[in-house]
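**Q**
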Amino acid sequence: MKEVYKDIQRINKLDPATPALRLAKLFEEAGEFAQAVNKKLGRKVINESEEEIIELIKEEAADTIQCLLSFADSYDLGYSHFKDEFLENSHRPDGTLPEDVLAKIFKYIGGIVYRFEKNHPELEFQFNRCLSKVLTLTSYYGIKESEIVSKIAEKNIKWEKVVQKRIEKKKENE
14 MKEVYKDIQR INKLDPATPA LRLAKLFEEA GEFAQAVNKK LGRKVINESE
64 EEIIELIKEE AADTIQCLLS FADSYDLGYS HFKDEFLENS HRPDGTLPED
114 VLAKIFKYIG GIVYRFEKNH PELEFQFNRC LSKVLTLTSY YGIKESEIVS
164 KIAEKNIKWE KVVQKRIEKK KENE
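Under our numbering, the first residue of the sequence shown carries the number 14, and numbering increases by one thereafter.
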């Protein structure tokens, strides 16, 4: 995961997005993650198979974590702040209902927003709790941390291409 986070930091340096834009993207992806989980919980009409829904949860969890870490990088939080969250099998179902874990994810995103200022003493805690809850929720569906990290690595490649296109388009418009 350390290398994946380094990629996120490197791409962030290329991407002219502000912290507010990164936060807006986090909201979008967390909402898509919630939508995928709601499909699994039966709260949303589905056309997908069980396997497709699990894959969707994995994809959206990776997007959410990628955006969360991109936003965290805006606060100069290094990998050492998050490394303990990515230990294989460190997040397991704990008896809390999946919908309650999902609600806590948004509670911690709210905590991040509330502490939007740089160097707020609880900001690191909020980021870590949010990461932990996303990974705990995916573990309910048999998804391992390493699978999420692998997906984030794939998504970083795509994200970098999108950023390069934005940079090229900006140059063309100047």
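Beta carbons are placed, not taken as given, at the ideal position from N, Cα and C, and that holds for glycine.
Using CA coordinates, which residue listed in K26, V147, M14 and N186 is at the minimum distance from F119?
**A** Walking along the sequence shown from the start, residue 119 turns up at place 106. Out of K26, V147, M14 and N186, V147 has the C-alpha closest to the C-alpha of F119.
**Q** Helix, strand or coil for S83, going by three-state DSSP, please let me know.
**A** Start at 1 with the first residue of the sequence shown, and residue 83 comes out as number 70. Helix.
**Q** In terms of residues, what are the limits of the alpha helix (DSSP H) holding A156?
**A** The residue you call residue 156 lines up with position 143 of the sequence shown. First, the residue type needs correcting, since residue 156 is Ile and not Ala in the sequence shown. Taken as a continuous stretch (DSSP letters only), I156 belongs to no alpha helix (DSSP H), as it is neither H nor E.
**Q** Round the Cβ separation of C143 and Y127 to the nearest angstrom and send it over; I've been treating them as touching at under 8 Å.
**A** The residue given as residue 143 occupies position 130 in the sequence shown. The residue given as residue 127 occupies position 114 in the sequence shown. Not confirmed; about 13 Å, so no contact.
**Q** Please classify I170: is it buried, with 16 or more other beta-carbons within 10 angstroms of its beta-carbon, or exposed?
**A** Counting from 1 along the sequence shown, the entry for residue 170 is found at position 157. The residue in question, I170, is exposed, as its Cβ has fewer than 16 Cβ neighbours within 10 Å.
**Q** What distance in whole Å lies between the Cβ atoms of F138 and A85, which are believed to be in contact at a cut-off of 8 Å?
**A** On the sequence shown, residue 85 is found 72 positions in, with the first residue counted as 1. On the sequence shown, residue 138 is found 125 positions in, with the first residue counted as 1. A85 to F138, Cβ: 12 Å. No contact.
**Q** Could you name the residues of the same chain whose beta carbon sits closer than 6 Å to that of V114, not counting the 5 residues immediately before and after it, in chain order?
**A** For this step, residue 114 is matched to residue 101 along the sequence shown. Residues of the same chain with a CB within less than 6 Å of the CB of V114, apart from the 5 flanking positions on each side, are K146, T149 and L150 in chain order.
**Q** Please report the straight-line C-alpha distance between T31 and D76, rounded to a whole angstrom.
**A** By one-based count along the sequence shown, residue 31 stands at place 18. By one-based count along the sequence shown, residue 76 stands at place 63. Approximately 18 Å, taken between the alpha carbons.
**Q** As a quick exercise: from E187, E68 and I180, pick the residue whose alpha carbon is nearest that of P29.
**A** If you number the sequence shown from 1, residue 29 lands on position 16. P29 has its Cα closest to that of I180, out of E187, E68 and I180.
**Q** Could you round the C-beta distance between K71 and I161 to whole angstroms and report it? I think they count as a contact, below 8 Å.
**A** The count along the sequence shown starts at 1 and reaches residue 71 at position 58. The count along the sequence shown starts at 1 and reaches residue 161 at position 148. About 7 Å separates the beta carbons of K71 and I161, which is inside the 8 Å limit, making them a contact pair.
**Q** DSSP three-state label for N60, please.
**A** Position 47 of the sequence shown, counted from the start, is the residue given in the question as residue 60. The answer is coil: DSSP assigns N60 none of H, G, I, E or B.
**Q** Indicate the three-state DSSP secondary structure (helix, strand or coil) for H94 in the structure shown.
**A** In the sequence shown, the residue the question calls residue 94 occupies position 81. Three-state result, H94: helix.
**Q** Out of curiosity, what's the CA-to-CA distance linking Q22 and K117?
**A** Taking the sequence shown and counting its residues from 1, one reaches residue 22 at position 9. Taking the sequence shown and counting its residues from 1, one reaches residue 117 at position 104. Whole-angstrom Cα-Cα distance: 26 Å.
**Q** If you check the beta carbons only, do V175 and I24 fall under 7 Å apart?
**A** As a first step, residue 175 must be located in the sequence shown, where it is residue number 162. As a first step, residue 24 must be located in the sequence shown, where it is residue number 11. With contacts defined as CB atoms closer than 7 Å, V175 and I24 fail to qualify as a contacting pair.
**Q** Rounding to the nearest angstrom, what Cα-Cα distance links V17 and A166 in this structure?
**A** Against the sequence shown, residue 17 aligns to sequence position 4. Against the sequence shown, residue 166 aligns to sequence position 153. Taking the straight line joining both Cα atoms gives about 6 Å.
**Q** By a C-beta neighbour count over all protein chains shown, 10 Å radius and 16 as the cutoff for buried, is F129 buried or exposed?
**A** Residue 129 sits at position 116 when you count from the first residue of the sequence shown. Exposed is the call here.
**Q** Would you check if the distance between the CB atom of H104 and the CB atom of S62 is smaller than 7 Å?
**A** Within the sequence shown, the letter at position 91 stands for residue 104. Within the sequence shown, the letter at position 49 stands for residue 62. Not a contact, by the Cβ cut-off of 7 Å.
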